[in-house]
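Chains as they are written, first to last, in the numbering used here: chain A, 993 to 1240; chain B, 10 to 262.
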């Protein structure tokens, strides 16, 4: 299974190496893989790659944390109270229909292009899926479970902590996972557009210099981090789902 | 999307009205700097002026055309690849892992490379939009066509369907709900990528270009007018997608 899956990437890599060696590819299309390796080695030893990666990760962590917290609160309000939902749903829906990048020029005018901009945009991109999934998960808690709580005369706090939160947890987690994926996407976009550090900046800088080896190196790092984030959260999510099936 | 509940109809409008009132009040009373927050009527006037006499209609048309071309290319390539992955075990084994790895790379990280290959003009923009529209179509078509019930496959074999008939009468209708979910997110991503391409790549007519112009020349009313148009379009897209989806699923029965 894994063997077959690895065959195509290995073959592609071989074709890439061969065509670079034979000079079939110009530097403007794809750089020589050896050059990419060499550049990567240089950037790793000089510490630049690590520094840019750390900056990008910190931005995502800050933005995601802020967006997730606000999303959880707004989502919970919509999921728990019909009144809050009636008030919030329409404005929330309309605002979330504007593509995230549409807000970018507005925010640049308002807050400039420093760290605040990145954190706000990343937070915004995490906020939307977290709020949507939290609200959905809390609304979808089975009626029978709520009735159990009523029979046991749970007070609102126990109802929330013992019944609604555990039952909505997988859905909330799906929202967090989607939010993190969006945050990562948005980080790259905002760093390409307005930044002087970070992985996205590294790429746009490499592009400006026509140094595709830098672009490819940053692309691989961006993909690897995406893979790790997705894989880790996917595992946690599966565990949560299994746990929910057992309790249901 | 918006549930009809027996609640007073003014409730959904509460926040928008309060925000508008505060906004109006702030600009009347001079609490806000008009350069940063022009009064609502200025923005509305700008929307009106731009769409009737200014260039916004042209820009809108350019963006929509660009987005539609990219969506068409990306979605049809995506559905095709998804069917291939879903229907052929060999293809799934060979290409599946590669596709999953490719998906991990954040969308915008491809902008520098694609702009190198296709240039920053129209070709590069459409390449990026197609690329953005493709992945969701692949994932969902793949998932939908992988689990076609055995009985349907056997029936098709009994009826000696050819490959194309099988795809047309069995695989596509069977996978349709998934394909539609995929196409809906293709639409969202294509639109996001259209705005992104217009912001990041060469200047050309389009909403993203106007947003950029508004930012560079510090015309807040233009920026806000573009956002109003983007919001209206987003709502319209989501309505059209929902209606189209319902129609197609009903026809399938």
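Virtual Cβ for every residue (Gly too), placed ideally from N, Cα, C.
Just so we're clear, the structure is a prediction, and the values are computed from it rather than from any experiment.
Range of the contiguous alpha helix (DSSP H) that encloses residue i
{"i": "residue 1137 of chain A", "result": "1135-1143"}
{"i": "residue 1146 of chain A", "result": "Where residue 1146 of chain A is concerned, there is no enclosing alpha helix (DSSP H), given that its DSSP letter is neither H nor E."}
{"i": "residue 1077 of chain A", "result": "1074-1088"}
{"i": "residue 187 of chain B", "result": "181-209"}
{"i": "residue 88 of chain B", "result": "65-96"}
{"i": "residue 176 of chain B", "result": "Residue 176 of chain B -> no alpha helix (DSSP H), and no H or E assigned at all."}
{"i": "residue 25 of chain B", "result": "23-38"}
{"i": "residue 1156 of chain A", "result": "Note, residue 1156 of chain A: premise wrong, no alpha helix (DSSP H); not H, not E."}
{"i": "residue 144 of chain B", "result": "131-155"}
{"i": "residue 224 of chain B", "result": "216-225"}
{"i": "residue 1198 of chain A", "result": "1191-1200"}
{"i": "residue 123 of chain B", "result": "120-127"}
{"i": "residue 115 of chain B", "result": "From DSSP, residue 115 of chain B is part of no alpha helix (DSSP H); its letter is neither H nor E."}
{"i": "residue 164 of chain B", "result": "159-167"}
Residue i - DSSP class collapsed to helix/strand/coil
{"i": "residue 47 of chain B", "result": "coil"}
{"i": "residue 246 of chain B", "result": "helix"}
{"i": "residue 1023 of chain A", "result": "coil"}
{"i": "residue 1105 of chain A", "result": "coil"}
{"i": "residue 970 of chain A", "result": "This structure cannot settle anything about residue 970 of chain A, because the visible part of chain A is limited to 993 through 1240."}
{"i": "residue 11 of chain B", "result": "Confidence in residue 11 of chain B is poor, its pLDDT being 49 and thus under 50, which makes the residue's placement unreliable; the coordinate value appears in the next sentence. Three-state result, residue 11 of chain B: coil."}
{"i": "residue 1032 of chain A", "result": "helix"}
{"i": "residue 1048 of chain A", "result": "helix"}
{"i": "residue 255 of chain B", "result": "helix"}
{"i": "residue 110 of chain B", "result": "helix"}
{"i": "residue 1232 of chain A", "result": "helix"}
{"i": "residue 19 of chain B", "result": "coil"}
{"i": "residue 212 of chain B", "result": "coil"}
{"i": "residue 1091 of chain A", "result": "coil"}
{"i": "residue 993 of chain A", "result": "Caution applies to residue 993 of chain A, whose pLDDT of 47 falls short of 50 and renders its modelled position unreliable; the model cannot decide the point."}
{"i": "residue 41 of chain B", "result": "coil"}
{"i": "residue 1016 of chain A", "result": "coil"}
{"i": "residue 1203 of chain A", "result": "coil"}
{"i": "residue 1119 of chain A", "result": "helix"}
{"i": "residue 1177 of chain A", "result": "helix"}
{"i": "residue 170 of chain B", "result": "coil"}
{"i": "residue 1132 of chain A", "result": "coil"}
{"i": "residue 1039 of chain A", "result": "coil"}
{"i": "residue 1070 of chain A", "result": "helix"}
{"i": "residue 1240 of chain A", "result": "Unreliable positioning characterises residue 1240 of chain A in this predicted model, as indicated by a pLDDT of 48, which lies under 50. The coordinate reading is nonetheless provided below. Note: residue 1240 of chain A maps to coil in three-state DSSP."}
{"i": "residue 1004 of chain A", "result": "helix"}
Inter-residue CB distance, residue i and residue j (contact presumed, cutoff 8 Å)
{"i": "residue 142 of chain B", "j": "residue 79 of chain B", "result": "6 Å"}
{"i": "residue 214 of chain B", "j": "residue 67 of chain B", "result": "6 Å"}
{"i": "residue 88 of chain B", "j": "residue 1211 of chain A", "result": "Incorrect: roughly 26 Å between the Cβ atoms, too far for contact."}
{"i": "residue 1090 of chain A", "j": "residue 239 of chain B", "result": "5 Å"}
{"i": "residue 1198 of chain A", "j": "residue 1191 of chain A", "result": "About 11 Å; that fails the 8 Å criterion."}
{"i": "residue 1125 of chain A", "j": "residue 1173 of chain A", "result": "That belief does not hold up - the Cβ atoms of residue 1125 of chain A and residue 1173 of chain A are roughly 12 Å apart, past 8 Å."}
{"i": "residue 237 of chain B", "j": "residue 56 of chain B", "result": "6 Å"}
{"i": "residue 1141 of chain A", "j": "residue 1130 of chain A", "result": "Incorrect: roughly 13 Å between the Cβ atoms, too far for contact."}
{"i": "residue 1086 of chain A", "j": "residue 244 of chain B", "result": "6 Å"}
{"i": "residue 229 of chain B", "j": "residue 1101 of chain A", "result": "6 Å"}
{"i": "residue 1070 of chain A", "j": "residue 1127 of chain A", "result": "4 Å"}
{"i": "residue 118 of chain B", "j": "residue 1209 of chain A", "result": "Actually they do not touch by this definition, with Cβ atoms about 11 Å apart."}
{"i": "residue 95 of chain B", "j": "residue 146 of chain B", "result": "At roughly 12 Å, the Cβ-Cβ gap does not stay under 8 Å, so residue 95 of chain B and residue 146 of chain B are not in contact."}
Contact test: residue i Cβ vs the ligand GDP heavy atom, cutoff 7 Å
{"i": "residue 1151 of chain A", "result": "Among the components of this structure there are no ligands whatsoever, and the ligand GDP is therefore not found."}
Practice task
Note down, in chain order, all residues in the stretch 1108-1119 of chain A with a beta-carbon under 7 Å from any beta-carbon belonging to chain B.
Solution key: Per Cβ criterion, the list is empty.
Exercise for the section: Could you please tell me which residues of the stretch 1148-1180 of chain A, in chain order, have their CB closer than 9 Å to any CB of chain B? Expected result: Residues of the stretch 1148-1180 of chain A with a Cβ closer than 9 Å to any Cβ of chain B, in chain order: 1173, 1176, 1177, 1178, 1179 and 1180.
Problem - At least three beta-carbon pairs within less than 8 Å, the stretch 39-49 of chain B to the stretch 177-189 of chain B - result: Judged by pairs of C-beta atoms under 8 Å, the stretch 39-49 of chain B does not touch the stretch 177-189 of chain B, as fewer than three such pairs exist.
Handout entry: Segment contact flag, the stretch 1057-1065 of chain A with the stretch 1109-1126 of chain A, C-beta cutoff 8 Å, min 3 pairs
Key = With the cut-off at 8 Å, the stretch 1057-1065 of chain A and the stretch 1109-1126 of chain A touch.
Practice task
Scan the stretch 118-129 of chain B for residues whose Cβ lies nearer than 9 Å to a Cβ of chain A and list them as they occur along the chain.
Solution key: If the cut-off is 9 Å between Cβ atoms, the stretch 118-129 of chain B has 118, 119, 120, 121, 122, 124, 125 and 126 near chain A.
Practice task
Assess, as a yes-or-no matter, whether the stretch 192-208 of chain B is touched by the stretch 1080-1097 of chain A under the definition of 3 or more beta carbon pairs within less than 8 Å.
Solution key: Touching, yes.
Practice task
Could you list the residues in the stretch 147-158 of chain B with a C-beta less than 7 Å from some C-beta on chain A, going in chain order?
Solution key: Correct list: empty, as no residue qualifies.
Practice task
Spell out a yes or no on whether the stretch 55-64 of chain B and the stretch 108-127 of chain B are touching, meaning 3 or more CB-CB pairs, one atom from each, closer than 8 Å.
Solution key: Touching, no.
Practice task
Can you give me, in chain order, the residues of the stretch 188-199 of chain B that have a beta carbon less than 9 Å from any beta carbon in chain A?
Solution key: Under the 9 Å Cβ criterion, the stretch 188-199 of chain B contributes 197.
Handout entry: Cβ-based contacts, 7 Å cut-off: residues of the stretch 1215-1228 of chain A near chain B
Key = Cβ contacts with chain B come from 1215, 1218, 1219 and 1222.
Problem - Within 8 Å of chain B by C-beta, residues of the stretch 1063-1080 of chain A in sequence order - result: Identification of residues in the stretch 1063-1080 of chain A having a C-beta nearer than 8 Å to some C-beta of chain B yields 1074, 1075, 1078, 1079 and 1080, given in sequence order.
Problem - Within 7 Å of chain A by C-beta, residues of the stretch 209-231 of chain B in sequence order - result: Only 209, 220, 221, 223, 224, 227 and 229 from the stretch 209-231 of chain B bring a Cβ to less than 7 Å from some Cβ of chain A.
Handout entry: Near-chain B residues of the stretch 998-1018 of chain A - C-beta to any C-beta below 9 Å
Key = Interface annotation for the stretch 998-1018 of chain A against chain B: 998, 999, 1000, 1001 and 1004, criterion Cβ-Cβ distance under 9 Å.
Handout entry: Under 7 Å (Cβ pairs) to chain A, residues found in the stretch 40-66 of chain B
Key = So the list reads 45, given in the order they occur along the chain.
Exercise for the section: Count the C-beta pairs between the stretch 136-156 of chain B and the stretch 19-33 of chain B that are closer than 8 Å, then say yes if the count reaches three, no if not. Expected result: Segments in contact, no.
Problem - Positions along the stretch 1200-1212 of chain A whose CB lies within less than 7 Å of some CB in chain B - result: Cβ contacts with chain B: 1204, 1207 and 1211.
Practice task
With 7 Å as the limit, tell me which residues of the stretch 22-35 of chain B have their beta carbon closer than that to any beta carbon of chain A; keep them in chain order.
Solution key: Listed in sequence order: 23, 24 and 25.
Problem - Near-chain D residues of the stretch 1085-1097 of chain A - C-beta to any C-beta below 9 Å - result: The structure shown contains no chain D; the protein chains it does contain are A and B.
Handout entry: Members of the stretch 1044-1059 of chain A near chain B, C-beta cut-off 7 Å
Key = Cβ contacts with chain B come from no residue of the stretch 1044-1059 of chain A.
Handout entry: Touching by the beta-carbon criterion (3+ pairs, under 8 Å), the stretch 1178-1190 of chain A and the stretch 1039-1050 of chain A
Key = Touching, yes, given that three or more Cβ pairs across the two stretches are closer than 8 Å.
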